[in-house]
């Protein structure tokens with residue numbers, strides 16, 4: 001099954017060469033397996049790429065949802081941690097890739113349905129966290145606040161020079177929003 005292959009080398013290889021120029025040989029070398037093994041498991045490079053994208057979305061969403069479920073942390077910290085897991089931690093890798101701009105350009109106007117579905121789940125979980133833990137004034141606006149934070153985080157990924165700046169800005173914005 002695909003689960004027997006580690007995700008990070010696959011993502012790194014696609015980021016290095018781009019989706020079109022990455023070969024099954026490149027991927028096999030990154031994973032330390034034969035090309036035939038990859039073909040036996042996935043059937044094609046496109047199927048392997050679809051698996052990798054879905055696995056990355058699933059992992060990011062899982063980590064983002066887990067970050068919201070940390071009762072010892074403040075609401076602002078949980079929201080920032082969640083958005084950092086969803087998009088922030090990918091910032092440096094995306095910008096370090098020579099084809100990162102190409103990847104962003106392809107996904108920005110029409111993100112895959114899997115991204116839209118995952119983001120809706122994240123916004124719903126953030127909305128619930130705000131409703132349960134936010135100040136009284138935030139409760140009626142919880143859905144709007146969650147959506148705005150998600151959009152803000154996606155924009156910050158492209159606007160800041162590094163992950164540290166992303167996190168600092170996100171902490172400030174989340175803190176200010178839920179303090180009202």
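In UniProt numbering, the protein residues as written are 1 to 180.
For each residue, glycine too, the CB sits at the ideal point set by N, CA and C.
Could you check if residue i is buried or exposed, using at least 16 other CB atoms within 10 Å of its CB as the buried criterion?
i, result
"residue 162", "exposed"
"residue 15", "buried"
"residue 151", "exposed"
"residue 121", "exposed"
"residue 119", "buried"
Excluding five sequence neighbours on each side, which residues of the same chain lie with their C-beta closer than 7 Å to the C-beta of residue i?
i, result
"residue 133", "75"
"residue 105", "Because the pLDDT of residue 105 is 49, which lies under 50, any placement of that residue in the model is unreliable, and the question is left without a value."
"residue 170", "80, 83, 84, 88, 153, 156"
"residue 55", "7"
"residue 26", "13, 17"
"residue 19", "49"
Which of helix, strand or coil does DSSP assign to residue i?
i, result
"residue 14", "helix"
"residue 9", "helix"
"residue 162", "coil"
"residue 132", "helix"
"residue 43", "coil"
"residue 178", "helix"
"residue 22", "coil"
"residue 34", "coil"
"residue 140", "helix"
Can you list, in chain order, the residues of its chain whose CB lies under 6 Å from that of residue i, leaving out five sequence neighbours each side?
i, result
"residue 21", "none"
"residue 166", "88, 91, 156, 160"
"residue 45", "24"
Report whether the distance from the Cβ of residue i to the nearest heavy atom of the ligand HEM is below 7 Å.
i, result
"residue 28", "This structure lacks the ligand HEM; in fact it carries no ligand of any kind."
Does the beta carbon of residue i come closer than 8 Å to any beta carbon on chain B?
i, result
"residue 28", "The structure shown contains no chain B; it holds only a single protein chain."
Output needed for residue i: all residues of its chain with C-beta closer than 8 Å, excluding positions within five of it in sequence on either side, in chain order.
i, result
"residue 67", "78, 81, 82, 84, 85"
Item to complete: Could you tell me whether the stretch 24-37 touches the stretch 61-77, where touching means 3 or more Cβ pairs closer than 8 Å?
Response: no
Practice prompt. Please determine if the stretch 43-58 and the stretch 121-132 are in contact, where contact requires at least 3 C-beta pairs separated by less than 8 Å.
Written response: no
Item to complete: Report the residue ranges of all alpha helix (DSSP H) runs contained in full by the stretch 61-95; include only those spanning at least 4 residues, in chain order.
Response: 75-86
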